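Visitor: Pasting in a structure now, in structure tokens, and then I'll have a few things to ask.
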Amino acid sequence: MKKRIVAIFTIATLVISATGCKDKAKEADTKAPEEAATTKASAEKYTANVSESTIAWKGFKPTGTHNGTISIENGVLNMVDGKINSGTFLIDMNSIEVLDMPKENEYNAKLTGHLKSADFFDVEKHPSAAFEITGLSEAEGKTMLSGNLTLKETKNNVTFPVTVTNTDGTVILTSETFTIDRSKWNVKYGSKSFFDDLGDKFINDDIELKITVKATKY
């Protein structure tokens, strides 16, 4: 009977894990950092509205998921002929929030604190992350945004699909949902890329992201 119960729990864990993997978005193309895009003299400056801009995140482990948001601290998009020419953003890592459980739940504060700790993003030493645009391209009918993402002093270039609208002095940039592999930025806690003895206590390296930036003409 005991073996049967263990087997049932093992199967359930595998099903949850497989379902989580199936639902995850495609990983952003990740490579070595590139030169930031050069701002043309004719570019028009658009400043990010931080109250209407956000990064939604989701993390995965065998027993389920957690999700939340991170705020943009400040940012600029430079536009030429209605198209993005260059841009930079600072991300406020102290703003990490967990949304899948009530704020008054003690585990919300525990998880939020753990994400901010040295185990994960070490926000005391690295209060900001940064993203600088290196270019845009077209692939399979989609606009692909490339940029250098710096987390914990580690920089990689990532490319992911976006939609950009420019209406009446307001630019809205919205990414498709994509993932990054945190191990490429040396975020090590619970990662099978760094530790071999985790069993089913690991946390997936993939972090799912969806970016929304609203910017108005300066």
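Per the numbering used here, the very first residue in the sequence shown carries number 2; after that it's consecutive.
No residue lacks a Cβ here, since even glycine has one placed at the ideal position from N, Cα and C.
As the structure is a prediction and not an experimental result, all values here were calculated from the model.
I'd like to check one pair, Tyr-219 with Lys-46: are the Cβ atoms closer than 8 Å?
Guide: One-based indexing of the sequence shown puts residue 46 at position 45. One-based indexing of the sequence shown puts residue 219 at position 218. Yes.
Visitor: Between which two residues does the alpha helix (DSSP H) containing His-115 stretch?
Guide: Here the question's residue 115 lines up with position 114 in the sequence shown. Taken as a continuous stretch (DSSP letters only), the alpha helix (DSSP H) holding His-115 covers 107-117.
Visitor: For Lys-193, which residues does DSSP report across the bridge?
Guide: The sequence position of residue 193 within the sequence shown is 192, counting from 1. For Lys-193, which the question treats as bridged, DSSP gives no partner whatsoever.
Visitor: Quick check: what's the CA-CA separation for Asn-79 versus Ala-38?
Guide: Here residue 79 corresponds to residue number 78 of the sequence shown, with the count starting at 1. Here residue 38 corresponds to residue number 37 of the sequence shown, with the count starting at 1. In a straight line, the C-alpha of Asn-79 is about 10 Å away from that of Ala-38.
Visitor: With H, G and I counted as helix, E and B as strand and the rest as coil, what does DSSP make of Glu-154?
Guide: The sequence position of residue 154 within the sequence shown is 153, counting from 1. Of the three classes helix, strand and coil, the one that applies to Glu-154 here is coil, per DSSP.
Visitor: What residues in its chain sit with their C-beta under 6 Å from that of Cys-22, if we drop five residues either side in the sequence?
Guide: Position 21 of the sequence shown holds residue 22. Reliability of the predicted coordinates at Cys-22 is poor, the pLDDT of 46 falling under 50, and the value obtained from them is presented with this limitation in mind. Nothing meets the Cβ criterion.
Visitor: Within the same chain, show all residues whose beta-carbon is closer than 7 Å to that of Pro-128, passing over the 5 residues directly before and after it, in chain order.
Guide: Here residue 128 refers to the residue found at position 127 of the sequence shown. The answer, listed in chain order, is Met-94 and Asn-95.
Visitor: May I have the straight-line CA-CA distance separating Glu-125 from Ser-118, to the nearest angstrom?
Guide: What you label residue 125 is simply residue 124 of the sequence shown in a count that begins at 1. What you label residue 118 is simply residue 117 of the sequence shown in a count that begins at 1. In a straight line, the C-alpha of Glu-125 is about 8 Å away from that of Ser-118.
Visitor: Report the rounded CA-to-CA distance for Ile-73 versus Asp-198, giving the unit in angstroms.
Guide: Within the sequence shown, numbered from 1, the residue matching residue 73 stands at position 72. Within the sequence shown, numbered from 1, the residue matching residue 198 stands at position 197. For Ile-73 and Asp-198, the distance between alpha carbons rounds to 36 Å.
Visitor: Using three-state DSSP, classify Gly-21 as helix, strand or coil.
Guide: Against the sequence shown, residue 21 aligns to sequence position 20. Interpretation of Gly-21 is limited by its pLDDT of 42, a score under 50 that renders its predicted location unreliable; the figure taken from the coordinates is listed afterwards. Helix, per DSSP.
Visitor: Which first and last residues belong to the beta strand (DSSP E) in which Ser-87 is found?
Guide: The sequence position of residue 87 within the sequence shown is 86, counting from 1. Run containing Ser-87: 84-99, per the beta strand (DSSP E) assignment.
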